[in-house]
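Each remark here refers to the structure printed beneath this line.
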Amino acid sequence: MQQCLSVTIQTVVYRMHSSYPTRSVINKLTIENGYKISLTKDQAINRIYKVKSLFNSGSRIAKALQKLAEARIIESKSISASSTQNSMTQITENNIPKVNSAIVDTLSTTQNVHQDIYLTKTFKGIPKSLLEKVRARQAAKALEEMTRTPSADKEATLYSRLPELAKILRNIYVSEKKGVLPMETVVQRLDNSFRIKLTPNEMDEHLRLLCKLLPTWTSIHNVRKIDYLKLNRNADVAKVIRRLETLASDKIK
Numbered sequence: 001m002q003q004c005l006s007v008t009i010q011t012v013v014y015r016m017h018s019s020y021p022t023r024s025v026i027n028k029l030t031i032e033n034g035y036k037i038s039l040t041k042d043q044a045i046n047r048i049y050k051v052k053s054l055f056n057s058g059s060r061i062a063k064a065l066q067k068l069a070e071a072r073i074i075e076s077k078s079i080s081a082s083s084t085q086n087s088m089t090q091i092t093e094n095n096i097p098k099v100n101s102a103i104v105d106t107l108s109t110t111q112n113v114h115q116d117i118y119l120t121k122t123f124k125g126i127p128k129s130l131l132e133k134v135r136a137r138q139a140a141k142a143l144e145e146m147t148r149t150p151s152a153d154k155e156a157t158l159y160s161r162l163p164e165l166a167k168i169l170r171n172i173y174v175s176e177k178k179g180v181l182p183m184e185t186v187v188q189r190l191d192n193s194f195r196i197k198l199t200p201n202e203m204d205e206h207l208r209l210l211c212k213l214l215p216t217w218t219s220i221h222n223v224r225k226i227d228y229l230k231l232n233r234n235a236d237v238a239k240v241i242r243r244l245e246t247l248a249s250d251k252i253k
């Protein structure tokens, strides 16, 4: 962050800024307090998929971030991991490693200097006014993410899963050669194919939202107290996916 974001007293902040070095802070806390923070496999996959959906691979910002990541990898290879680890930690009387905060701050400052130099070379030739607009847009997006309510965050995550879910759903109906299937059967088939593990209720929620957003493509019909999901196999699935991706990006903005 080059500048601090201004937040009013009435504003509620739900999460840290995307550029805040949370990883170094968490590592320092876990080492000093002797405990380890861990995530389950499903939680890790969900978080990775969510972060990935926030960036469009074709955008200029994404390309710049990719170049920055490559530069950091090259820089990290030139530094010995073992010597850095030994210099950053020291053993206390209880045999618990403790982080030397002075060295961490020094390394952070050095990395920031290298990052500024690299960014200057990366954005060479781009008008300054355009860069200022991009930075302002990033700051506004970061502020929106920090103040987004948990319910809005959940809704954005749900929308981000719909494009992939629609692809799998269409393949299920094509393989079955049917236009109507029991809701329970569809949920089971999606559970076997979708890469994110969801409960039957969560999968049902995604399908009902899909029917609400695209009623001409898929719809739910109740016959004798049994729900059936109808899908138009002849529809252009590419247009359906583009529509869902647009809706998902609008929710993330």
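So the sequence shown is residues 1 to 253, counted in the UniProt record's numbering.
Just so it is clear, CB atoms sit at the ideal spot from N, CA and C, and this is done for glycine as well.
Here the structure is a predicted model, which is why all the values come from computation and not from measurement.
Hey, L169 and H206: beta-carbon distance below 7 Å or not?
-> Against the sequence shown, residue 169 aligns to sequence position 169. Against the sequence shown, residue 206 aligns to sequence position 206. Remark: C-beta atoms of L169 and H206 do not approach each other more closely than 7 Å.
Consult DSSP for M88 and reduce its assignment to one of helix, strand or coil.
-> As a first step, residue 88 must be located in the sequence shown, where it is residue number 88. Only weak support is given to the placement of M88: the predicted model assigns it a pLDDT of 48, under 50, and the question is left unresolved by the model.
DSSP beta-bridge partners for T218?
-> On the sequence shown, position 218 is the one that residue 218 refers to. Its beta-bridge partners are L231.
Inspect the beta-carbon positions of W217 and V240 and report whether they are closer than 7 Å.
-> To locate residue 217, count along the sequence shown from 1; it is residue 217. To locate residue 240, count along the sequence shown from 1; it is residue 240. Going by C-beta atoms, W217 is nearer than 7 Å to V240.
Does the distance from the C-beta atom of L162 to that of L68 stay below 7 Å?
-> Residue mapping note: residue 162 aligns to position 162 of the sequence shown, counting from 1. Residue mapping note: residue 68 aligns to position 68 of the sequence shown, counting from 1. Cβ atoms of L162 and L68: not closer than 7 Å.
Leaving out five residues before and five after E93 in sequence, what residues of the same chain have Cβ atoms less than 6 Å from its Cβ?
-> As a first step, residue 93 must be located in the sequence shown, where it is residue number 93. Summary for E93: the model assigns pLDDT 49, below 50, so the residue's position carries little reliability; its value from the coordinates is reported in the next sentence. Closer than 6 Å at Cβ, skipping near neighbours: no residue.
Cβ-Cβ separation, S160 to A248 (assumed contact under 8 Å), whole Å | Mapped onto the sequence shown, residue 248 falls at position 248. Mapped onto the sequence shown, residue 160 falls at position 160. Yes, A248 and S160 are in contact; Cβ-Cβ is about 5 Å, under 8 Å.
What do you reckon, is the C-beta of Y159 under 6 Å from a heavy atom of the ligand GDP?
-> Looking at this structure, you won't find the ligand GDP or any other ligand, since it has none at all.
How is L198 classed by DSSP in three states: helix, strand or coil?
-> Stepping through the sequence shown from its first residue, residue 198 is reached at position 198. It is coil, neither helix nor strand.
Rounded straight-line distance, which links the Cα of A44 to that of E176 = Looking up residue 176 in the sequence shown gives position 176. Looking up residue 44 in the sequence shown gives position 44. Taking C-alpha positions only, E176 is separated from A44 by approximately 33 Å.
Determine the extent of the beta strand (DSSP E) in which P182 is found, giving its start and end residues.
-> The count along the sequence shown starts at 1 and reaches residue 182 at position 182. DSSP places P182 in the uninterrupted beta strand (DSSP E) bounded by V180 to P182.
CA-to-CA distance, V180 to N234, given in whole angstroms | As a working note, residue 234 is residue 234 in the sequence shown. As a working note, residue 180 is residue 180 in the sequence shown. Between N234 and V180, the C-alpha separation is close to 13 Å.
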